[in-house]
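Just so we're aligned, residue 48 is where the sequence shown starts under my numbering, counting upward by one. From the three backbone atoms N, C-alpha and C, an ideal C-beta is built for every residue, glycine too. Notes follow the structure.
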Amino acid sequence: MSRYKESRRIAESETFKAESELSSAKKTVKDLASMIEESNFKAKERIKDVESLKKKGKLDVKASVFRCVESYQCVEVMEELEMVKHELSELKLAMASVMADKERAVKEFEDSSKKLLSNGKHIEELRKEIEVANEEHVLVELAKMEASKEAADIEAQKEKEVGELSCRMAGTKKKMEDMINEIDQTGELEQRLTVTLSDINVLQDELKQVKDQPPSLESTNKVLQAAKNELASIREEGFRYMSSMDVIRNELKHVIEETKKLKKTEEKTDLRVKSLNSKLLRAKSKLEAATAAEEKANSIVANLSLSLEQLRLEAEASTKEKALIAEEAAAIAEEIRKTESKIDSTEEKLQAAVGELEAVKSAETSALEKLRSLIETTMLSRASASDRNSTITISKFEYEYLTGRAVGAEDIADKKVAAAQAWIEALKASEREILIKTKMAQSDLKEMRVEEEEEEYRTQRSLSAKKMIEKELRNWQLVEQNKQSSFNRRSMKSNGNSTPLGKSKFRRSLSPAIRVSGLTPFSIKKKKKGMPNLAKLFTGKKVDKDA
Numbered sequence: 048m049s050r051y052k053e054s055r056r057i058a059e060s061e062t063f064k065a066e067s068e069l070s071s072a073k074k075t076v077k078d079l080a081s082m083i084e085e086s087n088f089k090a091k092e093r094i095k096d097v098e099s100l101k102k103k104g105k106l107d108v109k110a111s112v113f114r115c116v117e118s119y120q121c122v123e124v125m126e127e128l129e130m131v132k133h134e135l136s137e138l139k140l141a142m143a144s145v146m147a148d149k150e151r152a153v154k155e156f157e158d159s160s161k162k163l164l165s166n167g168k169h170i171e172e173l174r175k176e177i178e179v180a181n182e183e184h185v186l187v188e189l190a191k192m193e194a195s196k197e198a199a200d201i202e203a204q205k206e207k208e209v210g211e212l213s214c215r216m217a218g219t220k221k222k223m224e225d226m227i228n229e230i231d232q233t234g235e236l237e238q239r240l241t242v243t244l245s246d247i248n249v250l251q252d253e254l255k256q257v258k259d260q261p262p263s264l265e266s267t268n269k270v271l272q273a274a275k276n277e278l279a280s281i282r283e284e285g286f287r288y289m290s291s292m293d294v295i296r297n298e299l300k301h302v303i304e305e306t307k308k309l310k311k312t313e314e315k316t317d318l319r320v321k322s323l324n325s326k327l328l329r330a331k332s333k334l335e336a337a338t339a340a341e342e343k344a345n346s347i348v349a350n351l352s353l354s355l356e357q358l359r360l361e362a363e364a365s366t367k368e369k370a371l372i373a374e375e376a377a378a379i380a381e382e383i384r385k386t387e388s389k390i391d392s393t394e395e396k397l398q399a400a401v402g403e404l405e406a407v408k409s410a411e412t413s414a415l416e417k418l419r420s421l422i423e424t425t426m427l428s429r430a431s432a433s434d435r436n437s438t439i440t441i442s443k444f445e446y447e448y449l450t451g452r453a454v455g456a457e458d459i460a461d462k463k464v465a466a467a468q469a470w471i472e473a474l475k476a477s478e479r480e481i482l483i484k485t486k487m488a489q490s491d492l493k494e495m496r497v498e499e500e501e502e503e504y505r506t507q508r509s510l511s512a513k514k515m516i517e518k519e520l521r522n523w524q525l526v527e528q529n530k531q532s533s534f535n536r537r538s539m540k541s542n543g544n545s546t547p548l549g550k551s552k553f554r555r556s557l558s559p560a561i562r563v564s565g566l567t568p569f570s571i572k573k574k575k576k577g578m579p580n581l582a583k584l585f586t587g588k589k590v591d592k593d594a
């Protein structure tokens with residue numbers, strides 16, 4: 048747009064120059080027409096004077112001098128006509144240069160309009176990129192929603208599993224405490240059983256001693272019966288203790304197996320918690336990347352919308368200015384045609400005046416020849432008379448006529464000389480002005496060419512930078528895809544020992560991230576790389592490689 052404004056300024060300056068030169072040409076044509084009319088009028092008066100003098104036949108040496116002055120004035124008029132022709136040719140050359148400048152300005156205007164059309168194409172491309180960015184923004188929003196939902200599910204699942212695990216651990220601890228108490232009780236029962244066995248042995252020894260002694264039968268039977276009863280009760284109690292010991296041993300084995308299972312489940316739960324934590328961290332990083340990409344996309348969309356609005360306003364202004372410039376160019380062309388027609392008519396008038404002056408000059412030459420012959424005869428007659436007399440007598444009419452015409456001729460000659468000098472100075476000034484204008488136009492054209500070359504260089508550099516960025520984006524996308532595939536393989540290998548439920552949940556939780564991971568980083572990279580191109584495509588700055 049700066050280039051277009053510069054071309055518009057140059058076109059306006061060229062239009063102003065052309066208008067000023069047209070006005071000066073019109074003024075020159077008017078001055079020339081007035082000078083031609085004045086010279087024609089003076090020539091007619093002189094012809095009338097010559098004819099009247101011929102009729103009267105009262106010419107002498109002073110009359111011949113006067114005719115010489117008039118012939119000199121006619122020569123000056125012819126020289127002025129030649130100067131006028133030269134000025135007309137210079138004006139034609141100036142008009143031709145103005146027309147060339149005008150054509151150049153029109154060509155530059157067409158080039159600027161073509162550039163505006165190309166800018167319009169760039170605007171369409173930017174709109175398409177904005178639409179793509181909006182689509183990517185929508186996908187980023189969906190990925191963000193899925194990631195947040197997945198993070199919430201992971202948190203809920205983690206809390207649920209932690210609660211279940213804590214409940215199971217509490218139950219296991221309680222069972223272990225009960226088993227430890229039962230084991231303590233079993234030890235006490237074993238001690239009591241050993242004491243009871245020792246008592247049984249003592250009783251058996253006493254029974255043997257009693258059998259060896261000869262006591263009374265009744266007391267012996269009573270003691271024996273009491274010992275038998277006590278022994279039966281002790282045996283029953285021993286059997287009960289043995290059965291309880293078996294139950295306790297079986298329960299202890301079951302508790303040990305349950306403890307091992309709980310340890311295994313605890314280890315699996317720890318691994319599951321670690322994997323869930325890693326998933327949660329990855330989901331958080333993806334969410335942060337998505338939010339950063341969203342912010343960048345919003346800023347890019349805002350900048351692009353502002354630039355599009357500015358370009359639209361500038362395009363409307365350029366179309367209006369183009370219409371105005373076309374109207375001004377048409378008006379200038381019409382004025383140039385009118386001026387050329389006036390110049391042609393003025394040239395025709397000049398040619399007619401030159402023909403009349405040549406006819407007058409031929410008539411004057413014939414009259415001068417006749418006057419010379421009359422002067423010679425008069426001089427001879429007066430010389431013969433002067434031989435007789437020391438003075439020459441002329442009439443009062445001749446004396447007054449000759450003295451008055453000589454003074455008038457001198458005044459007219461002085462005025463013409465002053466006018467010619469002023470005209471020469473004006474022509475020199477106009478020539479200097481035209482030279483200055485041509486130099487300025489040439490310098491402007493050089494500047495415009497330099498700016499065009501710089502603009503072409505900028506466009507080529509921006510295109511090369513865009514190609515490099517696209518190449519880097521493709522390479523980056525391939526690298527990201529390779530990283531994602533390797534990461535998926537590692538995740539599948541690391542989760543190979545999990546339970547089937549854990550595997551299905553892990554796959555389900557990773558599926559949205561895998562779907563989005565092929566798009567979100569690419570869109571972020573694209574926006575990050577495209578921003579310097581767009582902002583510096585409309586500002587005209589250099590695009591660095593590290594942008």
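Between the CA atoms of residue j and residue i - distance to the nearest angstrom
i      : j      : result
Ile295 : Asn228 : 11 Å
Lys275 : Ser245 : 16 Å
Gly402 : Ile483 : 37 Å
Val249 : Val209 : 59 Å
Thr506 : Leu360 : 22 Å
Arg282 : Leu236 : 14 Å
Ala378 : Met130 : 31 Å
Arg555 : Asn522 : Bear in mind that the predicted position of Arg555 carries a pLDDT of just 41, short of 50, making it unreliable; the figure below should be weighed with that in mind. Their Cα atoms are separated by approximately 29 Å.
Ala330 : Leu212 : 24 Å
Ala406 : Thr386 : 30 Å
Ser266 : Lys222 : 52 Å
Cys214 : Met292 : 29 Å
Glu423 : Thr393 : 43 Å
Arg319 : Leu525 : 32 Å
Glu85  : Lys389 : 19 Å
Glu519 : Leu492 : 40 Å
Ser596 : Asn297 : An answer regarding residue 596 cannot be provided, because it is not within the stretch 48 to 594 covered by the chain.
Ile481 : Ala465 : 24 Å
Arg508 : Glu502 : 10 Å
Pro568 : Lys514 : Only weak support exists for where Pro568 lies, its pLDDT of 38 falling under 50; the value from the coordinates is given anyway. So the two alpha carbons sit approximately 20 Å from each other.
Ala217 : Lys311 : 16 Å
Ala400 : Trp470 : 20 Å
Ser81  : Arg419 : 34 Å
Ala349 : Glu172 : 16 Å
Glu374 : Asp458 : 51 Å
Ser428 : Leu421 : 10 Å
Arg479 : Glu126 : 23 Å
Ser60  : Ser67  : 10 Å
Contact belief for residue i with residue j at Cβ below 8 Å, rounded distance in angstroms
i      : j      : result
Ile347 : Ala180 : 6 Å
Ala488 : Asp148 : 6 Å
Leu327 : Ala198 : 6 Å
Ile372 : Phe156 : 6 Å
Cβ pair residue i, residue j closer than 8 Å
i      : j      : result
Thr241 : Thr306 : no
Arg174 : Leu355 : yes
Leu358 : Ile170 : yes
Ile516 : Leu351 : no
Val185 : Glu341 : no
Val153 : Ala376 : yes
Leu271 : Ile247 : no
Ser71  : Ser477 : yes
Ser144 : Thr412 : no
Ala344 : Glu527 : no
Discussion item. Taking contact to mean 3 or more Cβ pairs, one atom from each stretch, closer than 8 Å, check whether the segment 315-330 and the segment 229-241 are in contact.
Written reply: Of all C-beta pairs linking the segment 315-330 to the segment 229-241, fewer than three are shorter than 8 Å, placing the two stretches out of contact.
Discussion item. For the segment 300-309 against the segment 214-228, do three or more pairs of beta-carbon atoms, one drawn from each stretch, fall closer than 8 Å, so that the two count as touching?
Written reply: Yes, the segment 300-309 touches the segment 214-228.
Worksheet item: Would you call the segment 188-204 and the segment 337-353 touching, i.e. three or more CB-CB distances under 8 Å?
Response: A contact exists between the segment 188-204 and the segment 337-353.
Discussion item. Whether or not the segment 199-209 and the segment 320-335 are in contact is what I'm after, with contact meaning three or more pairs of Cβ atoms, one per stretch, closer than 8 Å; do they touch?
Written reply: A contact exists between the segment 320-335 and the segment 199-209.
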